[in-house]
Each structure stands twice: as structure tokens, then as C-alpha cells.
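Number of protein chains: 2
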Amino acid sequence: MTEEAPPGGDEVDAITESVLTASRLLVGVSAKSVAAVAGPITLPQFRLLVALGSRGPLKLVSLAELLGVNPSTATRTVDRLVTAGWAERNSNPQSRREITVGLTPQGRELVDRVTDYRRREIASIVQRMPAERREGLVAALQAFSEAGAEPPPRTSPYDAALTQWD
Amino acid sequence: MTEEAPPGGDEVDAITESVLTASRLLVGVSAKSVAAVAGPITLPQFRLLVALGSRGPLKLVSLAELLGVNPSTATRTVDRLVTAGWAERNSNPQSRREITVGLTPQGRELVDRVTDYRRREIASIVQRMPAERREGLVAALQAFSEAGAEPPPRTSPYDAALTQWD
DNA sequence: GGGCAAGATTTGCATAATGCAACCGTGGTT
DNA sequence: AACCACGGTTGCATTATGCAAATCTTGCCC
Chain A
1 MTEEAPPGGD EVDAITESVL TASRLLVGVS AKSVAAVAGP ITLPQFRLLV
51 ALGSRGPLKL VSLAELLGVN PSTATRTVDR LVTAGWAERN SNPQSRREIT
101 VGLTPQGREL VDRVTDYRRR EIASIVQRMP AERREGLVAA LQAFSEAGAE
151 PPPRTSPYDA ALTQWD
Chain P
1 MTEEAPPGGD EVDAITESVL TASRLLVGVS AKSVAAVAGP ITLPQFRLLV
51 ALGSRGPLKL VSLAELLGVN PSTATRTVDR LVTAGWAERN SNPQSRREIT
101 VGLTPQGREL VDRVTDYRRR EIASIVQRMP AERREGLVAA LQAFSEAGAE
151 PPPRTSPYDA ALTQWD
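Chains as they are written, first to last, in the UniProt record's numbering: chain A, 1 to 166; chain P, 1 to 166.
What follows is the structure, given as C-alpha cells:
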């Protein structure tokens with residue numbers, strides 16, 4: 001089933017290949033940005049910070065759900081981030097059974113630095129592209145994403161900071 | 001800031017956004033494929049299998065390097081895969097200090113099943129795209145990847161199976 | 001008001017992933 | 001033979017994860 005010649009197959013293969021190659025490039029850029037700017041933090045931890053940065057303070061369950069991990073994992077990752085001074089737990093006066101997790105100023109600054117770095121990297125790549133290809137890129141990718149039944153297109157700058165499983 | 005007009009910055013933002021959105025979609029597809037087809041295997045383990053599938057048997061250090069992990073991590077992940085019957089260690093008659101790691105038939109079959117599933121998912125997305133956008137996608141993405149100074153463009157089908165850090 | 005079901009978080013337990021450093025063979029050099 | 005670089009493994013410590021059980025809060029019914 002991976003063979004047939006009719007109009008469809010080869011083109012699909014070509015697209016798959018090109019999208020994945022580009023995706024790989026991008027993920028590499030993200031990883032590099034984290035490593036370059038944010039010394040002693042792990043990727044899962046940073047991903048959590050990014051989520052908080054883009055959505056604002058969240059209760060633990062929502063956070064876990066957003067990241068696609070078990071609440072217990074979220075709890076413990078938050079523990080570490082709190083210890084490191086990047087996140088904080090705040091009790092919710094409304095219902096004392098839930099807590100909200102948010103960024104500390106240091107946490108936000110960390111996320112910002114990484115995001116800026118990453119944006120510059122990407123910009124430098126885009127600027128090396130032939131200009132006439134750029135519009136095509138945006139249009140085609142949007143069509144692709146729409147066809148893939150995208151979730152809500154959040155347009156926060158943080159959103160872009162780490163692709164992994166978001 | 002997502003509006004357009006001036007030549008430089010906004011366009012870069014738009015591209016960044018669209019590429020990342022698409023990338024996110026794709027990574028989701030990959031994860032879903034692994035989960036759907038390959039029950040009890042972790043992502044790092046599967047990633048290792050994919051590497052073996054695309055490059056053939058490798059010595060341990062090369063494998064670790066390819067995956068970007070420490071040799072000790074590779075050793076132990078291979079241990080688990082061997083136990084599970086998906087990979088095998090073979091001693092190299094040439095030099096007894098190196099070993100090569102390869103897929104077992106079961107391992108290859110697992111990778112194939114996931115890859116096929118994933119390809120079908122992507123194909124179904126691409127087929128929902130307006131046809132006239134498709135060529136633009138390939139051309140633009142290739143330009144993007146080239147501008148990003150891609151590593152060797154391996155064109156194996158396995159290559160596409162998991163994007164994460166590859 | 002007491003009791004109970006449902007919801008939110010945390011803890012206990014077990015396993016995987018990771019990196020670093022130390023260690024053991026192997027192969028080549030001098 | 002003496003050394004040294006290379007490949008792989010093991011010991012140690014920390015993080016990441018999921019599942020299940022325990023804890024605390026809320027809301028609701030009788």
C-alpha cells in the first residue's frame with residue numbers, strides 16, 4: 001500500500017517527507033534554544049513553564065491535561081520548578097481544594113529569553129529563504145493544519161516555544 | 001502582530017506560527033500512531049528502533065550519537081529492547097570490542113506497522129488539502145529546510161516515523 | 001446536621017530515561 | 001612489552017511517568 005502510482009501517492013510521500021524534515025529542523029532549533037539559554041532545566045520542566053506562560057495560571061489538573069501527562073507527574077514537576085524558583089503554587093480562595101500554578105517573575109523571564117533566542121534563530125532561517133517561497137509556505141501550511149483539524153489556534157508567542165506534544 | 005504589511009518581522013512571525021502549528025499536528029500524529037499500534041513500548045525505545053530501521057545495524061556508540069544520548073543510556077535501552085525481542089546484539093567478528101545492534105524480525109514488523117499507520121494518517125490530511133496548495137507546500141518547505149542547513153536528507157520511509165529530536 | 005459521592009491533589013511504589021564517572025577488554029603504537 | 005585510545009558496560013544519582021491508594025474539600029440528599 002505504500003506504492004501505487006496514481007496522482008496521489010508520490011505527492012503525499014513528498015509532502016510527508018518535506019514536512020517532517022522541516023519539523024525536525026524546528027524541533028532542533030527549540031532544543032538548541034533551551035540548551036543555549038536555560039542551563040540547568042530539563043525539557044519537560046521547560047515545557048511546563050511554557051504552558052503556564054501561554055495560558056496563564058492553571059490548576060493542576062488542567063495543566064496536566066494540557067501537557068498530556070498524569071496529574072502526579074505534574075505535581076512533582078511543579079515541585080521541582082517551585083524549588084528552583086520558576087513557578088509558584090497559589091491557593092484559590094474560592095475553592096480550597098484546588099490550587100493554581102503560575103510563573104514567578106524569574107520563570108517568565110526564563111521563558112522569554114528562550115523564546116527570543118528561538119525566534120531569532122527561526123528568523124535567520126526564514127531570511128535565508130528565497131522571498132518568493134515565503135508566502136507559499138504560510139498559505140500551504142495553514143491549509144495543511146486546517147485539514148488536520150487543528151485545535152484552537154492560540155496565537156501567543158510562547159506557544160511556539162516548544163513543539164513537543166503540545 | 002499577526003497582521004502582515006511590513007516586509008520583515010511580521011512575516012517571520014506568521015511563518016513561525018504556521019510551521020509550528022503544523023509541526024505540532026504532525027508530532028501528535030506520530031505519538032498517536034505509536035500508541036495505536038505498538039502497545040507497551042515507550043517513545044525513546046521506539047525512536048531507537050526507528051533509527052535502526054532507517055540506518056540498518058549500528059554499533060552502540062554510533063547509535064547513541066545518532067539519537068543524541070549518552071552511550072550508557074543507549075546500552076540500557078537496548079537491553080530492554082533485546083529483552084522484549086525487538087532488537088538484537090551481534091558481535092562483530094572483525095573487532096571483538098564492538099558490537100552491532102539490529103532489529104529482529106519482530107522489531108522490523110513493529111516499526112513497519114507504526115509507519116504504515118502514520119503514513120495513512122498523514123495522507124488523509126493531505127488529501128483534505130486543496131490540491132493547488134500542495135505543490136506550494138513541498139517547494140516552500142524544501143526551501144525552508146535548505147535554508148536551515150539540514151543534515152543529510154535521508155530519504156528512508158522510516159525516517160519519517162518519529163520526529164522527536166532526530 | 002450527618003453522611004456520602006465526586007473532585008483535586010498528593011503520596012507510595014515501581015520502572016524507564018538520562019548523564020557522568022569509573023572500569024574492563026581490545027587493538028594499535030611506539 | 002608498555003601505553004594509550006576506543007567501545008561498551010556498570011555504579012550512582014536524579015528526573016520523568018503512570019497507576020493506585022490516601023487525604024481533603026465541596027456539594028447534595030435525607
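Just so you know, even glycine gets a beta-carbon here, dropped at the ideal spot from N, CA and C.
Query: For Val69 (chain P), the three-state DSSP class (helix, strand or coil); Result: coil
Query: Bridge partner(s) assigned by DSSP for Ser91 (chain P); Result: P:Ile99
Query: Residues of its chain near Ala31 (chain A), where Cβ-Cβ distance is below 8 Å and the 5 sequence neighbours each way are ignored; Result: Leu43
Query: Neighbour flag for Val69 (chain A) against chain P, beta carbons, 8 Å; Result: no
Query: Cross-strand partners of Leu48 (chain A) (DSSP beta bridge); Result: In the DSSP output, where bridge partners are listed per residue, Leu48 (chain A) has none listed.
Query: 8 Å Cβ cutoff, Thr16 (chain A) in contact with chain P; Result: yes
Query: The segment 59-70 of chain P in contact with the segment 12-29 of chain P per 3-pair CB rule at 8 Å; Result: no
Query: Closer than 8 Å to chain P by CB, Gln94 (chain A); Result: no
Query: Sequence-distant residues of its chain with Cβ nearer than 7 Å to Gln106 (chain A) (five each side left out); Result: Gly85, Trp86
Query: Between the CA atoms of Thr16 (chain P) and Arg119 (chain A) - distance to the nearest angstrom; Result: 8 Å
Query: Terminal residues of the alpha helix (DSSP H) in which Pro105 (chain A) lies; Result: 105-127
Query: Residues that Arg133 (chain P) contacts on chain A, provided the C-beta gap is smaller than 7 Å; Result: Ala139, Ala140, Ala143
Query: Pair within 8 Å by beta-carbon distance, Gly136 (chain A) and Gly148 (chain P); Result: no
Query: Straight-line gap, Leu81 (chain A) to Ala131 (chain P) (C-alpha atoms, nearest Å); Result: 46 Å
Query: Beta-carbon spacing of Arg133 (chain A), Ala74 (chain P) below 8 Å; Result: no
Query: C-alpha distance - Val138 (chain A) paired with Leu26 (chain P), whole-angstrom precision; Result: 16 Å
Query: Local Cβ density within 10 Å of Val140 (chain A), reported as buried at 16 or more and exposed below that; Result: Note on residue identity: the sequence assigns Ala, not Val, to residue 140 (chain A). It counts as buried.
Query: Straight-line Cα distance separating Leu103 (chain A) from Glu88 (chain A); Result: 6 Å
Query: Distance, Glu109 (chain P) Cα to Ala36 (chain P) Cα; Result: 15 Å
Query: Buried versus exposed call for Gly53 (chain A) [16 or more other C-beta atoms within 10 Å across all chains shown]; Result: buried
Query: Helix, strand or coil at Asp166 (chain A) [DSSP, three-state]; Result: Below a pLDDT of 50, predicted positions are generally treated as unreliable, and Asp166 (chain A), at 40, falls in that range; no measurement from the model is reported.
Query: Paired residues, beta bridge with Leu58 (chain A) - DSSP; Result: A:Val101
Query: C-beta contact flag for Thr115 (chain P) and Lys59 (chain P) at 8 Å; Result: no
Query: Straight-line Cα distance separating Pro93 (chain P) from residue 193 (chain A); Result: Within the shown structure, residues of chain A are numbered from 1 to 166, placing residue 193 (chain A) beyond reach of any answer.
Query: Proximal chain A residues relative to Arg128 (chain P), where beta-carbon distance stays under 7 Å; Result: Ala147
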